[in-house]
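See structure below.
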Amino acid sequence: MKSRRLFTLLTLLGVFACSGAALALDPPKERPILTISGMIAVKNAGDVARFDMKMIEALPQHSFTTSTPWFNKPVKFSGPLLADVLAMVKAGGTTISAVAINDYKITIPAEDAAKFKVILANQIDDKPIPVREKGPLFVIYPFDSSADLRTSTYYERSIWQLKALDIR
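If you read the sequence shown in my numbering, its first letter stands for residue -4, the second for the next number, and so on.
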């Protein structure tokens, strides 16, 4: 009888693990700084996924140094890959509508995230980015890695003070 109960318990645990509950994303413990909506499978607040800074910092961090039109010298940007953030919410779709704190919006092709190793920067020169200095999140392309990226198209897609991503 014990083995049958154990089998039933293990079966139920297996079903639970394979269900949508396995796709859980913990809710933010601090003030959310990023909301992701649209075509996402993993959510933690109704129909959206919300992230606080600690959740962003818990993802693998990447860095590159690049020149930009907004700084007088090359700057080191650090943060998770945008592709990793999108993978965390199991994003589908082909476009990302990125929205800044001031409601500036830009559309980014979803393929850019992996193709160019775009970073969702939370640090500049190893320091957190204050809101007054384009923070706390900054979508940034590695402009110095390719002349193709040093155009107004990609500069416009590098949105600072990011607050939301809508996947379509």
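Ideal Cβ positions, reconstructed from N, Cα and C, are used throughout, including at glycine.
Query raised in the report: Contact between the region 144 to 155 and the region 17 to 32: three or more CB pairs below 8 Å?
Result: no
Query - DSSP state of PHE138 mapped onto helix, strand, coil - result: Reading the sequence shown from its first residue, position 143 is the one you call residue 138. In this structure, PHE138 counts as helix in the three-state DSSP scheme.
**Report entry** Endpoints, beta strand (DSSP E) assigned at ASP107
**Finding:** Position 112 of the sequence shown holds residue 107. Premise fails: ASP107 lies in the alpha helix (DSSP H), 106 to 110, not in any beta strand (DSSP E).
**Report entry** Supposed close pair GLY88, ILE162 - CB separation, criterion 8 Å
**Finding:** Translated into the one-based positions of the sequence shown, residue 88 becomes position 93. Translated into the one-based positions of the sequence shown, residue 162 becomes position 167. That belief holds up - the Cβ atoms of GLY88 and ILE162 are roughly 4 Å apart, short of 8 Å.
Report task. Mind checking who ASP161 pairs with in its DSSP beta bridge? Result -> Taking the first residue of the sequence shown as 1, we reach residue 161 at position 166. Partner(s): SER32, SER92.
Query - Beta-carbon separation (whole angstroms), ALA108 vs LEU77, contact threshold 8 Å - result: The count along the sequence shown starts at 1 and reaches residue 108 at position 113. The count along the sequence shown starts at 1 and reaches residue 77 at position 82. Rounded, the Cβ-Cβ distance is 4 Å, consistent with contact.
Query raised in the report: DSSP puts SER71 in a beta bridge; with which residues?
Result: As a working note, residue 71 is residue 76 in the sequence shown. Here residue 71 turns out to be Lys, not Ser, going by the sequence shown. The secondary-structure analysis by DSSP pairs LYS71 across a beta bridge with THR60.
**Report entry** For ALA53 and ASP143, the rounded distance between their alpha carbons
**Finding:** Here residue 143 refers to the residue found at position 148 of the sequence shown. Here residue 53 refers to the residue found at position 58 of the sequence shown. Distance between the alpha carbons of ASP143 and ALA53: 31 Å.
Report task. Would you mind reading off the limits of the alpha helix (DSSP H) that contains ARG45? Result -> For the purposes of this step, residue 45 is taken as residue 50 along the sequence shown, with counting starting at 1. From DSSP, ARG45 is part of no alpha helix (DSSP H) but of the beta strand (DSSP E) over 44 to 46.
Report task. Name the residue from PRO27, GLY33, LEU157 whose alpha carbon lies nearest to the alpha carbon of TYR99. Result -> The residue you call residue 99 lines up with position 104 of the sequence shown. Sorting PRO27, GLY33, LEU157 by C-alpha distance to the C-alpha of TYR99 places LEU157 at the top.
Query - Distance CB(ALA116)-CB(LEU29) smaller than 8 Å - result: By 1-based counting over the sequence shown, the position of residue 116 is 121. By 1-based counting over the sequence shown, the position of residue 29 is 34. Contact flag unset, no.
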